[in-house]
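Using this note's numbering, you'd call the opening residue of the sequence shown number 301 and step up by one each time.
Note that beta-carbon positions come from the ideal geometry of N, C-alpha and C, so glycine has one too.
All values reported here derive from a predicted model rather than from experimental measurement.
Only one structure is covered here, and it is reproduced in the block below.
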Amino acid sequence: MAFQKAVKGTALIGGGAIATVFGLSQFSQYRNKHGALVQVQAAEGAPVRKDHLPTREQQILALQTSGEFDVLVIGGGATGCGCALDAATRGLKTALLERDDFSSGTSSRSTKLIHGGVRYLQKAIMKLDFEQYRMVKEALEERAHLLQSAPHLSAALPIMLPIYKWWQLPYYWIGIKLYDLVAGSQCLKSSYVLTKARALELFPMLRRDKLVGAIVYYDGQHNDARMNLAIALTAARYGAATANYAEVRHLLKTTDTESGRQRVCGVRCRDVLTGKEFDVRAKCVINATGPFTDSVRKMDDQEVPNICQPSAGVHIVMPGYYSPDNMGLLDPATSDGRVIFFLPWEKMTIAGTTDSPTDVTSHPIPTEEDINFILSEVRNYLGTDVEVRRGDVLAAWSGIRPLVTNPDSKDTQSISRNHVVTVSDSGLITIAGGKWTTYRAMARDTIDAAIQEHNLKAGSCKTMGLQLEGAQDWSPTLYIRLVQDYGLESEVAQHLASTYGDKAFEVAKIAQVTGKRWPIVGKRLVSEFPYIEAEVVYGIKEYARTAVDIISRRTRLAFLNVQAADEALPRIVDIMAKELNWCEQKKKEQLEIAKTFLYYEMGYKVKTDQLTDSSEISLAPSDIERYKKRFRMFDKDKKGFITILDVQRVLQSISVQMDENTLHEILNEVDLNKNGQVELNEFLQLMSAIQKGRVSGSRLAVLMKSAEENLRRRQAIPVDRSGGGL
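Structure follows, in structure tokens:
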């Protein structure tokens, strides 16, 4: 099958003939293989949005008992869920299968930006590339739609381009103004130039020397996994039978009576949670599997050439004080030619890079080399008074971007993220390429192709302007009602409103009473984040079935702080066990799987590797003596190690109470050989790593320092006991 890039929107490739879709969302006319104009027949009656969300068990039953579907989508990422929503809202009988969880792959590991692509516009102008220009224009239109469809999950974000050479100021200013111009009426806010003084006022962490000024432009930002889930839930409310943990084993085929060709007519599916297998029949099967695009295409035809070239992007999360609350930073030309971004997100700071070619389709583990490269770029843009410490990396992950390319191409930098829709000889429709921002347009083009190829009876696209789950009755002040009506903390209420929209009231209703004067309800999973226990229960209603689903996609705890996620896991597993009737063995399995996920996929491994039993101790002799003295305050018996009992004894002497489980967690962070005690050498390794900036936020180090200072104050003897007379 020939490879063809999209010219306007997307290219349809099928049976060796190519038909280009010329219609936009408001049209339903297409050119068939013979060049004739085809009018899509409208469906009878508009679908109704349901108030009740079906359970996963009901969805699985629907897949088994509903007969033949019009459309069956494989893949529960943004594009797959977008296809299901588009098809369902057109009145098509729709099913969706995802072998893992919704947004478990690329769609939850993005830069969190909703953007048109500044650098693609630059390439379009420099190379006079009309295709790149059209892609940017479409993306800017879709950016506006995405921000409007789920305002609780997204917002406009000002992004600063710091300028360190005078000639760059007019160059970048022209480029950014063109970006505004291409957006037209969909421009979020007009870009502007800042003086050096004003730039430092808005971004005080910025490096001052040689700074000329800055340019600020606007793009969008969102909570990507929650956005993906909102699309899936909205599709379900419009009648789509959507199921996560439903794996496609192979495609089903039948012989066409007229042409004699084999045609795809469904899939063999396995419920991953129960192991039960069943067939799902459909007139049209859509492959929307992102990095796994070619593996599904090869289920249809083993000889088909690859059209997907994966590209990896590494991201790290750092404390919020590394960036302003509402200002991002972007450098379009780093030392190795990639783009570096530095963005506030969920009160933290995300830093990362763009395209880096990879041969794997599963998400690679972030390496120490990846993290150190990002940190070195961050240091280039922050002032010398800001110490960028390795220990401040709270989480790290790598996302695979499924770029569409000629199989012979090696340079991912020259590839746009435009999408292509291919139709195989057997009727399998594949949507590949594209990017998060344009998911709706990709879904529209895919369903248009499905209607044409399979002669489905359906209307035109109805997703433009459609509000997603939680958006209908949301307002910026909704959180105030949550505080007033339920007695939630203001921070928790704001989080619930910005995560669930108008569904936040459903979460608040099931929140547990705290037993305190304030807040009245809403027990936190971890103290420093606004996630509450009720979200675990509500997450199950949103089809969460594993602890990983909760920590990474229903809440974003794993993406914000792996250590906090690890601490929250036991309670999360206990709540899920009660709701899903897990046995003790199942609880242990879930805990182990989630810990493995944090360790390898979310950067816990590279974080813990900063402190190992072979870590070098590079402390000055005076520091060693000082830390030994601190250690001996706890090790009264001169054993050479301290245990929970030693720490409890010291805390009691200064009237501090701490439960045993918390103490066990604190010591376990430093107990490198896992023998239940912290030895002097381990403590010195910890203090050395802290001094070098490789470890930060060690609770044991802070606790021991605080206890030492407290004991000194209590033991101090006043010099003047005379009463202070004249």
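Item to check | Candidates Gln977, Trp736 and Leu1003, of which the one nearest Val956 by Cα | outcome: For the purposes of this step, residue 956 is taken as residue 656 along the sequence shown, with counting starting at 1. Considering only alpha carbons, the answer is Leu1003.
Item to check | Complete runs of the alpha helix (DSSP H) confined to the region 507–590 [at least 4 residues] | outcome: 524–537
Item to check | Which of helix, strand or coil DSSP assigns to Val639 | outcome: Along the sequence shown, one-based indexing puts residue 639 at 339. Coil.
Checklist entry - When the Cα atoms are used, what is the spatial distance from Tyr838 to Asp524? => result Translated into the one-based positions of the sequence shown, residue 838 becomes position 538. Translated into the one-based positions of the sequence shown, residue 524 becomes position 224. Taking C-alpha positions only, Tyr838 is separated from Asp524 by approximately 19 Å.
Item to check | Own chain residues within Cβ distance below 6 Å of Ile942, not counting five before or after | outcome: Along the sequence shown, read from residue 1 onward, the residue named residue 942 stands at position 642. Contacts found: Phe934, Asp935 and Val978.
Checklist entry - Out of curiosity, what's the CA-to-CA distance linking Tyr492 and Gln422? => result Here residue 492 refers to the residue found at position 192 of the sequence shown. Here residue 422 refers to the residue found at position 122 of the sequence shown. Roughly 18 Å separates the two Cα atoms.
Item to check | Per-residue burial, Met426 [other beta carbons within 10 Å of its own, 16 or more giving buried] | outcome: Position 126 of the sequence shown, counting from 1, holds the residue named residue 426. Exposed.
Checklist entry - Anyone know if the C-beta pair for Leu461 and Ile476 falls short of 9 Å? => result The count along the sequence shown starts at 1 and reaches residue 461 at position 161. The count along the sequence shown starts at 1 and reaches residue 476 at position 176. Yes, these two residues count as a Cβ contact at 9 Å.
Next on the checklist: Within 10 Å of its beta-carbon, does Arg1012 have 16 or more other beta-carbons around it, so buried, or fewer, so exposed?
Outcome noted: To locate residue 1012, count along the sequence shown from 1; it is residue 712. By the 10 Å Cβ count, Arg1012 comes out exposed.
Checklist entry - Going along the chain, which residues of its own chain have a beta-carbon closer than 7 Å to the beta-carbon of Lys939, five neighbours each way excluded? => result Residue numbering aside, residue 939 sits at position 639 when the sequence shown is read from its first letter. There are no such residues.
Next on the checklist: Can you give me the C-alpha to C-alpha distance between Leu778 and Glu789, rounded to a whole angstrom?
Outcome noted: Residue 778 sits at position 478 when you count from the first residue of the sequence shown. Residue 789 sits at position 489 when you count from the first residue of the sequence shown. For Leu778 and Glu789, the distance between alpha carbons rounds to 14 Å.
Checklist entry - Is Trp697 helix, strand or coil by DSSP? => result The sequence position of residue 697 within the sequence shown is 397, counting from 1. Note: Trp697 maps to strand in three-state DSSP.
Checklist entry - Within the chosen definition, does the region 583–600 reach the region 361–374 through at least 3 CB pairs nearer than 8 Å? => result yes
Next on the checklist: Looking at the ligand ZN, does it come within less than 8 Å of His615, judged from the CB to the closest heavy atom?
Outcome noted: Questions concerning the ligand ZN fall outside what the structure shown contains, since it holds no ligand whatsoever.
Item to check | Proximity to Ala808 [Cα-Cα], best of Lys816, Ser827, Gln784 and Gly815 | outcome: Translated into the one-based positions of the sequence shown, residue 808 becomes position 508. Of the residues Lys816, Ser827, Gln784 and Gly815, the one whose Cα lies closest to the Cα of Ala808 is Gln784.
Item to check | Inter-residue spacing [alpha-carbon to alpha-carbon] between Ala1007 and Gln812 | outcome: Here residue 1007 refers to the residue found at position 707 when the sequence shown is read from its first residue. Here residue 812 refers to the residue found at position 512 when the sequence shown is read from its first residue. Rounded to the nearest angstrom, the two C-alpha atoms are 34 Å apart.
Item to check | Arg690 and Gly993 closer than 9 Å at C-beta | outcome: Looking up residue 690 in the sequence shown gives position 390. Looking up residue 993 in the sequence shown gives position 693. Taking 9 Å as the cut-off, the Cβ atoms of Arg690 and Gly993 count as close.
Item to check | Closest Cα partner of Gly539 within the set Glu438, Tyr621, Gly380 and Leu396 | outcome: Mapped onto the sequence shown, residue 539 falls at position 239. Among Glu438, Tyr621, Gly380 and Leu396, the Cα nearest to that of Gly539 belongs to Leu396.
Item to check | CB-CB length for Pro666 against Ser623, believed under 8 Å | outcome: Along the sequence shown, read from residue 1 onward, the residue named residue 666 stands at position 366. Along the sequence shown, read from residue 1 onward, the residue named residue 623 stands at position 323. Contact flag wrong, Cβ pair sits at about 20 Å.
Next on the checklist: On the CB-based measure, 16 or more other CB atoms within 10 Å of its CB, does Val348 come out buried or exposed?
Outcome noted: Translated into the one-based positions of the sequence shown, residue 348 becomes position 48. Under this definition Val348 is an exposed residue.
Checklist entry - Taking all protein chains shown into account, do 16 or more other C-beta atoms lie within 10 angstroms of the C-beta of Pro605, making it buried, or fewer, making it exposed? => result As a first step, residue 605 is located in the sequence shown; it is residue number 305 there, counting from the start. Exposed is the call here.
Checklist entry - In terms of alpha-carbon separation, which member of Gly976, Val617 and Arg817 lies closest to Gly903? => result One-based indexing of the sequence shown puts residue 903 at position 603. Out of Gly976, Val617 and Arg817, Val617 has the C-alpha closest to the C-alpha of Gly903.
Checklist entry - Taking just the CA atoms, how far does Lys928 sit from Met505? => result Locating residue 505 in the sequence shown gives position 205, counting from the first residue. Locating residue 928 in the sequence shown gives position 628, counting from the first residue. Their backbone Cα atoms lie some 36 Å apart in a straight line.
Checklist entry - With distances taken between CB atoms, is the gap from Phe402 to Arg853 smaller than 9 Å? => result If you number the sequence shown from 1, residue 402 lands on position 102. If you number the sequence shown from 1, residue 853 lands on position 553. Yes, the Cβ-Cβ distance between Phe402 and Arg853 is below 9 Å.
Checklist entry - Taking DSSP as the reference, what is the three-state secondary structure of Thr411? => result Sequence index remark: in the sequence shown, residue 411 carries index 111 (1-based). Here Thr411 sits in coil by DSSP.
Next on the checklist: If you reduce the DSSP assignment to three classes, tell me which class Arg689 lands in.
Outcome noted: On the sequence shown, position 389 is the one that residue 689 refers to. If DSSP states are grouped into helix, strand and coil, Arg689 belongs with coil.
Checklist entry - To which residues does DSSP link Asp670 through a beta bridge? => result Counted from its first residue, the sequence shown places residue 670 at position 370. Beta-bridge pairing links Asp670 to no other residue.
Checklist entry - Using DSSP with H/G/I as helix, E/B as strand and the rest coil, what is Arg824? => result For the purposes of this step, residue 824 is taken as residue 524 along the sequence shown, with counting starting at 1. Correct three-state label for Arg824: strand.
Item to check | As assigned by DSSP and simplified to three states, the class of Phe369 | outcome: Indexing the sequence shown from 1 puts residue 369 at position 69. Three-state DSSP puts Phe369 in a strand.
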